[in-house]
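Residue numbers (my numbering), protein chains in the order written: chain V, 9 to 365; chain B, 647 to 805; chain D, 745 to 860; chain X, 12 to 386; chain G, 260 to 410.
Ideal Cβ positions, reconstructed from N, Cα and C, are used throughout, including at glycine.
Inspection log for the structure reproduced underneath, given as structure tokens.
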Amino acid sequence: MSFETLANWVHNWLYETLHPTVALLVEFAIVGVLIIGLFAVLGLVLVMMERKVSSWMQLRLGPNRIGPWGWFQTVADTLKLIVKEGMTPNNVDKLLFNMAPMLVIVVSMVIMAPIMFAKGIQIWDINIGVLFVAAVSSLSIIGVLMAGWASNNKYSLLGAMRSGAQIVSYELSAGLSILVIVVLTGSLKMSDIVMAQADGWWLFKGHVPAIIAFVIFIIAATAETNRAPFDLAEAESELTAGFHTEYSGMKFALFFLAEYVNIFVVCAIGATLFLGGWMPFHIGNWEGFNHVMDYIPSSVWFFGKTFLLIFVIMWFRWTFPRLRIDQLLSLEWKYLLPISMFNILLVTIIALAGWHF
Amino acid sequence: MTLKQYFSNIFTGVKSLATGMKVTGGYFLRHHKEKITEQYPDNRDTLVLAERFRGEVIMTHDDNNEHACTGCTACELACPNGTIKIITKFDLTPEGKKKKALDTFIYHLELCTMCNLCVEACPTSAITMAPTFEHSVFDRSQLIKKLNKPGSKIREGVE
Amino acid sequence: MGAGSLIALAIAALAFAGIALSISKLVLKASTNKQKGEPYECGVPTKGASRIQFNVGYYLFALIFLIFDVELVFLYPWAVVVKNVGWVALVEILIFFFILFLGLLYAHKKGALEWK
Amino acid sequence: MYRETDIIQTIPGTDEMVINVGPQHPSTHGVLHLVITIDGETVKKVEPHLGYIHRSIEKMCESLSYRQFIYTTSRMDYLSAHINNHACALAVEQAMGIEVPLRAQYIRVVMDELTRIASHCLWWGSVAMDCGAVTPFFLAFREREMINTIMEETCGARLTMNYMVPGGVMFDLHPNFQRDAKAFLAHFRSKIDEYDELVTGNIIFQNRLKGTGFISKADAISYGCTGPTARGSGVSCDVRKWYPYEVYQQVQFDEILETAGDSYARYLVRLAELRQSMSIIEQLIDNIPTGDFQAKTKAVLKPPKGEFYSRVETARGELGVYIVSEGGTTPYRIKFRSPGFSNLSALDHMVRGQKLGDLVAVMGTLDLVIPDIDR
Amino acid sequence: MTREELKQLLTERFPDNAVDDAGQFLQIQVPASQWGSFALFLRDTAELQFDFLFCLTCVDWLKHLTMVYHLRSTDYRHELVVKCQLDREQPVIATAAHTWRTAEFHEREVYELFGVQFEGHPDLRRLILPDEWEGWPLRKDYEDPVNMIKL
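Here you go:
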């Protein structure tokens, strides 16, 4: 039984037994609870993954005390963060200070709406899915700016300002590399984009422009999520913790969680656009092989691809030094932006001539 | 910047980044073979400390509960921090003469810098450095140690 | 599920954050003292105001971004219909990008893309 | 020489902002306190405030005997503890006219160079960490740990060894020393190329360091810079070459000079010094002569009246020990001319007009050790 | 320039100042009032070029303070020690910070540990000690109220 039939069955059952409005509300509640669960699990898993990846690259063991191989370390950390006091320093702008983590978390949750987690599992197949993601993701910068300004701390202010300059810049090349796929597909809808890759992922059948777009997208995604080597907003060795210097306890945890969920979201988008979303991996006419691949559930494919991209982004973080602010912007404005503009032209020619497979 | 330079910049840049990623990626795959951390409290049984490791000053006692300290205070003088305090007493020798001997050897571990000067200064090799390092206690006064064991006396023939 | 799902998600997020914050409020016993509320500046009392006017270097990028981002939004509908429109779309985008690229070159020549 | 503009007063109402970096800051490598004035991201002025770890070692030494005071210097530049002790031992030997046995001289030089490798390894890791890469730090610690274990075996301590005594060294080499040291060198030879792959060649790292923290040759001399900091600006100042002590005269090694004067030049000098140190150890390790490891000295050292100055090349530069003796058992006055103190004074000059991120990178390449500066 | 030549040149130019050749370095005693111009002379004379001040310190002799400057020429590799006697009650000397910039920090250190006033120093403030500290710690008569070892 696939998720789709299950969802339809629940849907029909609710509408048969309850008043339509109530049924809708119940449906919302179910979705909300599911998403909160996903959210929390994602946070825990990703933090653990980051720790293990970093420790293995640094020839350490990583957390290994709590639970088997330390798998419950993040749970313990969450408990610790809940028990910690959420400090509000003197002279902060209380409203903005408390609103900032909320805003960041709302943004990272709302952005999950158009993502296709598996075949038929999607909260809202919005017809401008890609545009929606691009638009909403840029809202998180407002949360960062709010946090930096409200904190009444110089490090925070500097970090927030850096983050502002950085995120708005990298939005452009991220948007342009998404456009490459939109041109190839001819639709902004997530489901259409995934379906278009039924006979092969765009990364493979999109020729050179798709590969260039993929690389640029990964770079821009790293920058948009404020990850090293683009973590200037936090820049540990320069600004101690950047925009969330003054945050502690649960408010800090919300920022932390939002950061990891954002990573998941951008990687999910990358996997959907370039790696075929939940589509299994097929090789040409190898019927037997393709058949085996089809047996792997679609959600496994989706999460596998997403976590592969997440791993790449973590790999970046634990390998590269941080860029300086002017280098960061010149990378965007002098390299990524012109290249992605030419890439759009290239893909237009390829799409119009029908050279892609 | 010519166009050629522009593209060669990109190429060399990406190449250098890829070499770096190769190194960390290699470690990621081989981490179980090359791990460098030690699981400290778990490896107490297998932990080997160098025999010369200086962890604290001890006074060696033999099976008869005898030590070699004459109470000459050479170590007390050699210590730069006033770590050692020697209290002497007068023993009666079998011939009935009074002889200076050690009463209490007080050692302030909390002041000690493990410089080994006292051990070097000791003419009878009565004290030595022990390779212990787990010295943490809850009360600082517990670090003030009495090195000669109760009831111990000086070994025969040590002058 | 439609647009309502967004509201549902937003409420879920707020509920999540709210529940987490209130649990921590309930669990914790807060203490206050004078030093605790000081802004963190490496353990040294802050000199001068923290919210001050800021170097304009950042805002130039914000302005250029604004222009380019608006152009980018125009590109989305174009991208959807490229295949239907045919080669005219390419000509149109060439003209569009030519103007954009001129703008970028101009900004570069003016030194707006140099960090100051 | 002094320009009017060197002292900038922060004017309220302008874009300038005064930020305290340190004493509790991840990149000050200790408890250095910098008060920096920035305009946006540009550093206008850096003002070091010292003293957070000042123990007045010079005053302490005035009440310690000539044997005792040496151990305190391990606590100055704790990363080159051996070399600091060496400088003190040299000063006392010079004052007393003690002839050090050849074996002890060899041991001292080998230990010095091992210490230098350990210190430079740590520096390499921390400069990468200042630039934002964390992994190199752990790789550097792997090598450093091997050296520490070798040290522990022979000297009995890992960091503050107190191994050099007037007249030689405290113990003879451990029987396994040569085997372990050679094993380390073989290991390190294979790993140092990895350092280049991971950090030196990295384009981000190069861009971060090239052209930042520039100091000209004349300024480097005027600011009293020594060691790799000065050699990155083309100042030939290696004490081991110009004022050789112990057996440095007999070994073949190059003084590494770079002329660019920026952070990257200093980085390259230190990295090349790692290879030079390895070659020095390789030359000496098999030829350590037999004999005494310590000269016969009196129990109480009483140098004659006079002034004695000894200098060695630590991992950070020239360490001078200036002893004024009045003929007693304790020095009348001791001055440690520490390399870090002079190098730090050039920091302000180096980072003016550069970005905030550069400040951290420049501090990394200066290789500051705060107890060495504060003493 | 060899030590002999250096000694000859200095005795010829400054017959009043005592040149001492007994120790490790060639030494010259300079009255504190002459130090400013003497420093410039040492640095700027073409055949001397003492451009590197590698050690600057002060010694408290109970009757007076002595400033000790260790100088080196990075080109010629000759070295010289300059000493200036200062009055212990009113120790004042011209700064060398304009001649060798390294002196700026070293003089600040000497200022707070010995209480020597450096005239013309661009920024003579305390570097190490807290501002409210009393006394000059490295002087011989300074008694630290808190002594760790005696504690």
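- Message: Distance check for M169 (chain V) and A756 (chain D), CA to CA, integer angstroms please.
- Response: In this structure, the straight-line span from the alpha carbon of A756 (chain D) to that of M169 (chain V) is close to 30 angstroms.
- In chain D, what lies closer than 9 angstroms to A229 (chain V) by C-beta? Simply none; closest approach about 16 angstroms.
- Which whole-angstrom value describes the C-beta separation of A359 (chain V) and T314 (chain V), a residue pair presumed to lie in contact below a C-beta threshold of 8 angstroms? 26 angstroms between Cβ atoms; not a contact.
- Item | Inter-residue spacing [alpha-carbon to alpha-carbon] between K792 (chain B) and R700 (chain B) | K792 (chain B) and R700 (chain B) have their alpha carbons spaced roughly 18 angstroms apart.
- At least 3 beta-carbon pairs within less than 8 angstroms: the region 176-196 of chain V vs the region 219-228 of chain V: Yes, the region 176-196 of chain V touches the region 219-228 of chain V.
- Query: Could you give the residue range of the beta strand (DSSP E) that holds K745 (chain B)?
  - Reply: Looking at the DSSP string, the run of the beta strand (DSSP E) that includes K745 (chain B) is 744-754.
- Task: Please confirm if K854 (chain D) has its CB atom under 9 angstroms from at least one CB of chain E.
- Result: The structure shown contains no chain E; its protein chains are V, B, D, X and G.
- Item | Where M95 (chain V) meets chain D, residues with beta-carbon distance less than 9 angstroms | Ordered by position in chain D, the residues that pass the 9 angstroms Cβ test against M95 (chain V) are A774, K780, G781.
- Is the distance from the Cβ of N173 (chain X) to the Cβ of C761 (chain B) below 9 angstroms? Judged by beta-carbon spacing, C761 (chain B) lies within the 9 angstroms limit of N173 (chain X), meaning their Cβ atoms are closer than that value.
- Could one say the Cβ of T376 (chain X) lies closer than 9 angstroms to chain B's Cβ atoms, at least one of them? No - not a single Cβ of chain B is within 9 angstroms of the one on T376 (chain X).
- Where does the unbroken alpha helix (DSSP H) through P255 (chain X) begin, and where does it stop? Looking at the DSSP string, P255 (chain X) is not in any alpha helix (DSSP H), and its letter there is neither H nor E.
- Query: Which residues bound the alpha helix (DSSP H) around I175 (chain V)?
  - Reply: Per DSSP, I175 (chain V) belongs to the alpha helix (DSSP H) from 162-193.
- Query: Excluding the five sequence neighbours on either side, which residues of its own chain have a C-beta within less than 6 angstroms of the C-beta of K259 (chain V), listed in chain order?
  - Reply: Answer for K259 (chain V): G94, P109, listed in chain order.
- Please check if any C-beta of chain V sits within less than 9 angstroms of the C-beta of M361 (chain X). Chain V, which has no Cβ nearer than 9 angstroms to the Cβ of M361 (chain X), makes this no.
- Query: Where does H678 (chain B) land, buried or exposed, given buried means 16+ other C-beta within 10 angstroms?
  - Reply: Classification of H678 (chain B): exposed, given that the 10 Å Cβ count is below 16.
- Alpha-carbon spacing of A139 (chain X) relative to I704 (chain B), whole angstroms: C-alpha separation (whole angstroms): 43 angstroms.
- Task: Between the Cα of E254 (chain V) and those of V:I219, V:N98, V:L14, V:L54, spot the shortest distance and give me the residue it belongs to.
- Result: For E254 (chain V), the closest C-alpha among the options V:I219, V:N98, V:L14, V:L54 is that of V:N98.
- CA-to-CA distance, M124 (chain V) to Q130 (chain V), given in whole angstroms: Each residue's alpha carbon lies about 5 angstroms from the other.
- Per DSSP, V29 (chain X) is paired with what? According to DSSP, which records beta bridges pairwise, V29 (chain X) is partnered with X:T48.
- Taking one C-beta from the region 302-310 of chain V and one from the region 279-289 of chain V each time, how about it: are there three or more such pairs within less than 8 angstroms? With a cut-off of 8 angstroms, the region 279-289 of chain V and the region 302-310 of chain V count as touching, because enough Cβ pairs lie within range.
- Message: I need the DSSP call for R73 (chain V), collapsed to helix, strand or coil.
- Response: DSSP, read as helix, strand or coil, puts R73 (chain V) in coil.
- Item | Closer than 7 angstroms at the beta carbon, the chain D residues around N351 (chain V) | At a C-beta separation below 7 angstroms, N351 (chain V) has no neighbours in chain D, since its nearest C-beta there lies roughly 11 angstroms away.
- Short Cβ contact (9 angstroms threshold) for I752 (chain B) with I730 (chain B): Between I752 (chain B) and I730 (chain B), the CB-CB gap stays under 9 angstroms.
- Message: Suppose contacts are defined by Cβ-Cβ distances below 9 angstroms. Is T325 (chain X) in contact with N95 (chain X) by that definition?
- Response: Taking 9 angstroms as the Cβ cut-off, T325 (chain X) and N95 (chain X) qualify as a contacting pair.
- Where the beta strand (DSSP E) containing Y333 (chain X) begins and where it ends: Where Y333 (chain X) is concerned, the enclosing beta strand (DSSP E) stretches over 329-336.
- Query: Relative to chain X, which residues along the region 298-324 of chain G have a C-beta separation below 7 angstroms, given in chain order?
  - Reply: Within the region 298-324 of chain G, those residues whose Cβ lies closer than 7 angstroms to any Cβ of chain X are, in chain order, D310, F311, L312, F313, C314, T316, V318.
- Message: Is K70 (chain X) close to chain G? Criterion is C-beta to C-beta, closer than 9 angstroms.
- Response: Yes, its Cβ sits closer than 9 angstroms to a Cβ of chain G.
- Taking C-alpha atoms, which residue in X:T270, X:A276, X:M162, X:G331 lies nearest to Q217 (chain X)? Comparing Cα positions, the closest option is X:A276.
- Item | C-beta atoms of S749 (chain D) and W77 (chain V) nearer than 9 angstroms | Contact annotation: S749 (chain D) and W77 (chain V) have beta-carbon atoms that are not nearer than 9 angstroms.
- Message: Please tell me whether F148 (chain X) has its Cβ less than 9 angstroms away from any Cβ of chain V.
- Response: So yes, F148 (chain X) belongs to the interface.
- Query: Can you list the residues of chain X that I333 (chain V) reaches, using a CB-CB cut of under 7 angstroms?
  - Reply: Those within 7 angstroms of I333 (chain V) in chain X are E52, K366, G368.
- Message: So V826 (chain D) contacts chain V; which residues on that side make the cut at Cβ distance below 8 angstroms?
- Response: Within 8 angstroms Cβ-Cβ: V191, G194, T356, A359, L360.
- Message: Let me check you understand the geometry: is the CB of A271 (chain X) closer than 8 angstroms to at least one non-hydrogen atom of the ligand PLP?
- Response: This structure simply doesn't include the ligand PLP, nor any ligand for that matter.
- Query: So is K60 (chain V) buried or exposed if we call it buried at 16+ other beta carbons inside 10 Å?
  - Reply: Sixteen is the threshold: when 16 or more other Cβ atoms of the shown chains lie within 10 Å of the Cβ of K60 (chain V), as they do, the residue is buried.
- Item | Under 9 angstroms between C-beta atoms of V424 (chain X) and T48 (chain X) | Residue 424 (chain X) falls outside the range modelled here, since chain X spans only 12 to 386, and no answer is possible.
- Message: Do S146 (chain V) and G156 (chain V) have their beta-carbon atoms positioned less than 9 angstroms apart in this structure?
- Response: 9 angstroms or more divides the Cβ of G156 (chain V) from the Cβ of S146 (chain V).
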